[in-house]
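If you use our numbering, the sequence shown corresponds to residues 6 to 549, in order.
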Amino acid sequence: MTKYVFVTGGVTSSLGKGIIAASLAKLLQARGYTTTIQKFDPYINVDPGTLNPYEHGECYVTEDGAETDLDLGHYERFLNTYTSQANNVTTGRIYQHVINKEREGAYLGRTVQVIPHITDEIKRRILLLGENNNYDVVITELGGTVGDIESLPYIEAVRQLKWEIGNENCLIIHLTLIPYLKAAKELKTKPTQHSVKLMSEHGLNPDILVCRTEEPLYKELKKKIALFCNVTQDAVIEALDADTIYGVPLEMMREKLDIISLKKLDLPLGKEPDLSVWKEFLNKLRYPKSKVVVGLIGKYVELQDAYKSILEALIHAGAMNECKVEVRNIHSEYLTKENVNEKMQNLDAVLVAPGFGSRGIEGKIDAIKYARENKIPFLGICLGMQMACVEYARNVLGMPEAHSTEMNPNTVSGVICMMEEQKAVTQKGGTMRLGSYECNLAQDSLASTIYGSTTIFERHRHRYEFNNNYQEAFEDAGMIPVGKNPKTNLIEIMELKNHPFYIGVQFHPEYKSTVENPHPLFVAFIKAAKEEHDSKSGFSQRLF
Ligand code: GLN
């Protein structure tokens, strides 16, 4: 039978429940268990697709086209397996389902209530992934913090489920904070005690406490936490601040989180975890041999979560190249023709980020022009690729009015325009071109060399596309459409001739980069950045 682990959070938000859940999953996977993670978010939006990055960070997209919480990105990057629509559920989706059923008459005249109808639907969704015995362990992360009004139905659903499937099949891990008071030079356990008490008022007792802390937890303190929070002593896990999220699985292994979890779930320990690939990656990450500076051009660069998957993909690619990637954030809104040279100085590569709407768009175009003319390695993702086409049309093809019809619906030169199928769409949520699509690559392209294949699958999230009427004009001028969807002929990749590395992609390669499988495009991009760096510093590889 599938076992269920729940990860709740206490004291404050942002303690890293997603990373703890992903780390435990990684350790169980390394011991030979099949496992997956799902996230329940207590907000009323049906999915985060319509949420502004200022509200919710990046929107992550799965193979099957679900717009999800960015924690699913961590799950995939850690586990190297795909998640799906079923792995992310919001309160909005739960209510939508229950209300639709009510409209169908499925409740036969009964009053529809939070308990039992909403909690029943939560339980159904929790069990869904384990239904066909596809997984030995399903880990469910409950978003929010214990004590939030909106989290209550979830806590109640877990309480009921635990009673229904039995204690030995259910494990509650509570992630909490042990603050260090500098003035008193002391670690404080009281917030954790209160948080656990709050949970127990709702009938749920944690089995394991993972304690985020800046200072090591000494033995007596662990004992005190165990005593007052009613858990066994070995179930108080220290989670010291880590230098990288990728160090957390090994920290959790050192603290035996996997062993204690398996024991409490009444499961055999399995084989000794083999994390050799992971450790090799960490080694390369921690001890790089060189460094490159990549300019990240976007309008949300001040938010560390807005371009999460891109930043992680750069980390993976950096490690693969044994090279530290320093990201220089360049806010596209403040980039102008006048200051572009100064702001882009000394970059080894330029990445123009995805996005929507016109804020900061001219800054992106100026940055692209700079990278093109100065032959700096360039990667444009989604909106970044679209603006690369606009820049080329304006400055090389002699079309000063060229634009995307997203920003200027009346332009006479709409080199980027809305996809046919999108024109009839009126609803905003979940209606973009989403998820994985096939793309065929030209045999002689840089992209096909990088991928080592002429057929690839990549994930999308957009409404606009390159306007195929301009294909010939671009091609004649050296900007080549080298990737096409075989069914619709949509252009998915643009490459510039006579440039060391200039690639624009309509899809989002960053979603598919994992620790064990860094994305080839990012790996090649950082390699090109290294070459650019070496050539700038007068180091010629040809000498060796
Ligand atoms: N706004 C553009 C579109 O909808 C690009 C989207 C993106 O960068 N994800 O096509």
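Every residue gets a Cβ at the ideal spot worked out from N, C-alpha and C, and that includes glycine.
For residue i, does the three-state DSSP call read helix, strand or coil?
i	result
glutamine 43	strand
methionine 349	coil
phenylalanine 11	strand
lysine 502	coil
glycine 303	strand
proline 486	strand
valine 117	coil
phenylalanine 512	coil
leucine 548	With a pLDDT of 45 at leucine 548, under the threshold of 50, the modelled position of that residue is not reliable, and the figure given next carries that caveat. Three-state result, leucine 548: helix.
serine 200	helix
phenylalanine 361	coil
histidine 538	helix
leucine 274	coil
histidine 207	coil
asparagine 174	helix
threonine 55	helix
glutamate 327	coil
histidine 524	coil
threonine 96	helix
leucine 180	strand
threonine 73	strand
valine 163	helix
tyrosine 469	strand
Based on Cα-Cα distance, which residue from the options lies nearest to residue i?
i	options	result
histidine 79	Gln118, Lys31 and Tyr112	Lys31
alanine 398	Asn346, Ser295 and Phe471	Phe471
methionine 6	Leu274, Asn379, Glu136 and Asp539	Glu136
valine 12	Ile49, Ile160 and Asn138	Ile160
phenylalanine 286	His504, Thr73 and Phe83	Phe83
leucine 352	Ile170, Glu537 and Lys374	Glu537
lysine 34	Asp141, Lys329, Val16 and Ile25	Per the sequence presented here, residue 34 reads as glutamine, with lysine not at that position. Closest option to glutamine 34, Cα to Cα, is Asp141.
glutamate 317	Glu338, Thr436 and Tyr516	Tyr516
glutamine 90	Thr124, Ile230, Leu133 and Asn105	Leu133
leucine 402	Gly62, Gln476 and Tyr251	Gln476
methionine 404	Arg364, Val420, Gly21 and Gln238	Val420
histidine 513	Phe479, Ile498, Ile104 and Met258	Ile498
leucine 274	Leu280, Ile264, Val282 and Leu245	Ile264
valine 143	Lys541, Phe506, Phe45 and Tyr442	Phe45
aspartate 3	Gly171, Ile250, Lys294 and Thr41	Because the chain spans 6 through 549 in this model, residue 3 falls outside it and cannot be assessed.
glutamate 426	Pro221, Asn346, Thr493 and Leu451	Thr493
proline 158	His524, Tyr185 and Gly208	Gly208
serine 281	Gly14, Arg217, Phe361 and Val520	Val520
lysine 342	Tyr375, Glu331, Arg364 and Ser314	Tyr375
tyrosine 48	Ser205, Ala247, Leu356 and Asn93	Asn93
tryptophan 168	Asn288, Tyr9 and Glu307	Tyr9
tyrosine 456	Met423, Asn522 and Lys433	Asn522
isoleucine 24	Tyr38, Gln43, Asn503 and Val16	Gln43
Using DSSP bridges, identify the partner residues of residue i.
i	result
phenylalanine 286	Phenylalanine 286 is not bridged to any residue.
serine 409	Ile421
glutamate 191	Leu186
cysteine 394	According to DSSP, which records beta bridges pairwise, cysteine 394 is partnered with nothing at all.
threonine 218	Leu245
leucine 446	Gly488
arginine 464	Ser441
asparagine 379	Per DSSP, none; premise fails for asparagine 379.
leucine 384	Leu356 and Ile508
arginine 259	DSSP, once it has assigned bridges, lists no residue as partnering arginine 259.
leucine 147	Phe45
threonine 519	Partner(s): none; threonine 519 has no beta bridge.
valine 298	Glu331
histidine 336	Gly303
tyrosine 65	Thr73
Looking at the C-beta of residue i, does it have a partner C-beta in chain D at a distance below 9 Å?
i	result
cysteine 444	In the structure shown, chain D does not exist; there is a single protein chain.
Please write down, chain order preserved, every residue whose beta carbon lies under 5 Å from a heavy atom of the ligand GLN.
-> Those residues are Pro359, Phe361, Cys387, Leu388, Arg466, His467, Arg468 and Tyr469, given in chain order.
Does the stretch 529 to 544 come close enough to the stretch 314 to 325 to have 3 or more Cβ pairs within less than 8 Å?
-> Flag = yes, the stretch 529 to 544 and the stretch 314 to 325 touch.
Check whether the stretch 267 to 286 touches the stretch 296 to 306, taking contact to mean three or more Cβ pairs, one atom from each stretch, closer than 8 Å.
-> In short, these stretches do not touch, since the Cβ pair count stays below three.
If you pair each beta-carbon of the stretch 380 to 390 with each one of the stretch 483 to 492, do three or more pairs fall below 8 Å?
-> These segments do not touch.
Is there contact between the stretch 426 to 446 and the stretch 460 to 467, where contact requires at least three CB pairs shorter than 8 Å?
-> The stretch 426 to 446 vs the stretch 460 to 467: in contact.
Cβ contact check for the stretch 49 to 62 and the stretch 117 to 125: 3 or more pairs under 8 Å | Short answer: they don't touch.
Inter-stretch contact (C-beta, 8 Å, three-pair minimum) for the stretch 224 to 238 and the stretch 159 to 178 = No: fewer than three Cβ pairs fall under 8 Å.
Taking 8 Å as the threshold, find out whether the stretch 56 to 75 comes into contact with the stretch 424 to 440 through three or more Cβ pairs.
-> These segments touch.
Are three or more beta carbon pairs between the stretch 190 to 206 and the stretch 240 to 256 nearer than 8 Å?
-> Under the Cβ criterion (8 Å, minimum of three pairs), the stretch 190 to 206 does not count as touching the stretch 240 to 256.
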